[in-house]
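Start counting the sequence shown at 195; every next residue gets the next number (my numbering). We put the CB at the ideal spot given by N, CA and C, even for glycine. Report on one structure; see the data block that follows.
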Amino acid sequence: MAGLGTNKYTLFGIMAILLWSCVIALTRDIAELFGPIGGAALMYSVSTLALMLVMGRPKIGEYRLSYVLLGGGLFVSYEICLALALGMANDRQQAMEMAVINYLWPALTVLLAVAMSGRRVNLLVYPSVVLAFVGVVWCISGDASLSIEGVKNNVATNPLTYSMAFAAAFIWALYCNITPKMSGGKNAIVLFFTMTSVTLWIQYALSDESQMMFTFSSVSTLLLAGVIMGAGYALWNQAIIGGNMVLIATFSYFTPVFSTVFSSFYFSVALTQSFWKGVAMVTLGSLLCAWATREPKSVEQKVNA
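Here it is, written out as structure tokens:
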């Protein structure tokens, strides 16, 4: 019976990862329908409501003030940077590049953990991180082979979005490292989603985005995206109760591949061979980092706030 319970929670974790792999494409689609800021505000609002229905309303008094301010601030910053990087990308191809940049966070989480702990680690960590970065460069070079000039030209077309995507990866890596120390074992995901939604609505009110137009099709897509995002976090919250986190964490390192496959089909975008090589390098770099440290906690802490 215990094995059945573990299998159930492990399945929840795998389902959460697959759902998260769909979120990148859906976030871009929502941005095209409602605008980058307004679309993100709507999507996170729907997700917040979905999480509240499953997990209940957040009770601020349960959490340490320092964690709410610092951890919550990092969470909100990450979600907004990623959502706007996807929404403000020049086209869908560039949005998929933003997604690959975001998936640097597992390798960066390990690198920051090493830097913050000061302990000795397997030297394989450092070339693994470099491999992940080279994979990103390969993805955004725009050529069949690695080209620094191609990267510079591509980034120059929209430097803000690339900056936000890189910032998101570093912010999430930092969040993953401080969460175990500051959370006190409390899961604040609903509170942090609420904070993200409120912040996005304030940004929308202060922006010059045009008024949002609602149709049956756009609202259906919005509800689907919001529920998928919320369901992913809710399932993960269940998975960490009793799932096989080693297996789940290993599976999660293939998220860039799952996300790229889904996005390419969803958007009918034909990706170049160099892009797929880059995705494979980012994935391999993250896996090698995890193997070198033998500590998959960076992924486990993604929502174990």
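**Prompt:** Are the CB atoms of Met423 and Leu220 nearer to each other than 9 Å?
**Reply:** yes
**Prompt:** Using the rule of at least 16 other Cβ atoms within 10 Å of the residue's Cβ for burial, across every protein chain shown, is Ile342 buried or exposed?
**Reply:** exposed
**Prompt:** When the Cα of Asn352 is compared with those of Ala443, Thr415, Asp285, Val476, which residue comes out closest?
**Reply:** Asp285
**Prompt:** Can you tell me the Cα-Cα spacing of Ile254 and Gly379, whole angstroms?
**Reply:** 14 Å
**Item:** Cβ of Ile218 within 9 Å of any chain D Cβ
**Value:** Judged by its chain identifiers, the structure shown contains no chain D, having just a single protein chain.
**Request:** Verify whether the separation of the beta carbon atoms of Ser480 and Tyr297 is less than 9 Å.
**Result:** yes
**Item:** Rounded Cβ spacing between Pro300 and Tyr447 (contact assumed at less than 8 Å)
**Value:** 6 Å
**Message:** Taking the beta carbon of Ala402 as the centre, do at least 16 other beta carbons fall within 10 Å, making it buried, or is it exposed?
**Reply:** Sequence inspection shows Asp at residue 402; the Ala mentioned does not correspond to that position. By the 10 Å Cβ count, Asp402 comes out exposed.
**Message:** Tell me the DSSP secondary structure of Asn201 in three-state form.
**Reply:** helix
**Item:** Option in Thr477, Phe410, Leu418, Val384 with minimal Cα separation from Glu256
**Value:** Val384
**Prompt:** Excluding five sequence neighbours on each side, which residues of the same chain lie with their C-beta closer than 7 Å to the C-beta of Tyr369?
**Reply:** Gly265, Leu268, Phe269, Tyr272
**Prompt:** Shortest alpha-carbon distance to Trp366 belongs to which of Thr303, Leu247, Asn316, Asn438?
**Reply:** Thr303
**Request:** Could you tell me whether the region 468 to 484 touches the region 325 to 332, where touching means 3 or more Cβ pairs closer than 8 Å?
**Result:** yes
**Message:** Taking 9 Å as the threshold (C-beta atoms), are Thr242 and Thr415 in contact?
**Reply:** no
**Message:** Our contact map puts Val294 next to Gly426 with C-beta atoms below 8 Å; I'd like the distance itself, whole angstroms only.
**Reply:** Contact flag wrong, Cβ pair sits at about 19 Å.
**Request:** Reducing DSSP to helix, strand and coil, say where Gln540 ends up.
**Result:** No answer is possible for residue 540: it lies beyond the span of the chain, which begins at 195 and ends at 499.
**Asked** The alpha helix (DSSP H) with Gly229 in it runs from where to where?
**Response** Where Gly229 is concerned, there is no enclosing alpha helix (DSSP H), given that its DSSP letter is neither H nor E.
**Message:** So, at 7 Å on beta carbons, what are the nonlocal neighbours of Tyr500 in its own chain, with the 5 sequence-adjacent residues on each side left out?
**Reply:** Outside the shown range of the chain (195 to 499) lies residue 500, about which nothing can therefore be said.
**Range of the contiguous alpha helix (DSSP H) that encloses Phe456** = 449 to 461
**Asked** How close, in whole Å, do the beta carbons of Gly229 and Met406 come, if the pair is a contact with beta carbons under 8 Å?
**Response** 6 Å
**Message:** Here's a check: name, in chain order, each residue in its chain whose Cβ is nearer than 6 Å to the Cβ of Leu305, leaving out the five neighbours to either side.
**Reply:** Val323
**Message:** Given this structure, state the Cα-to-Cα distance separating Lys491 from Val308, to the nearest angstrom.
**Reply:** With a pLDDT of 46 at Lys491, under the threshold of 50, the modelled position of that residue is not reliable, and the figure given next carries that caveat. Answer to the nearest angstrom: the Cα atoms are 13 Å apart.
**Request:** Would you grab the beta carbon distance between Val240 and Leu417 for me? Rounded to a whole angstrom, and I think it's under 8 Å.
**Result:** 6 Å
**Asked** Using the C-alpha atoms, what's the distance from Asn347 back to Asn381?
**Response** 42 Å
**Prompt:** Taking C-beta to C-beta, are Ala474 and Gly329 nearer than 9 Å?
**Reply:** yes
**Item:** Range covered by the alpha helix (DSSP H) that runs through Arg286
**Value:** 286 to 296
**Message:** DSSP three-state label for Asp223, please.
**Reply:** helix
**Prompt:** How about Cys333 and Val455: do their beta carbons lie closer than 9 Å?
**Reply:** no
**Message:** The alpha helix (DSSP H) that contains Glu273, what's its start and end?
**Reply:** 259 to 281
**Item:** Supposed contact pair Ile274 and Leu354 - C-beta distance, whole angstroms, cut 8 Å
**Value:** At roughly 13 Å, the Cβ-Cβ gap does not stay under 8 Å, so Leu354 and Ile274 are not in contact.
**Message:** Suppose contacts are defined by Cβ-Cβ distances below 9 Å. Is Leu276 in contact with Met290 by that definition?
**Reply:** no
**Prompt:** Taking DSSP as the reference, what is the three-state secondary structure of Ser401?
**Reply:** coil
**Prompt:** For Val331, which of Met249, Ser311, Phe360 has the nearest alpha-carbon?
**Reply:** Phe360
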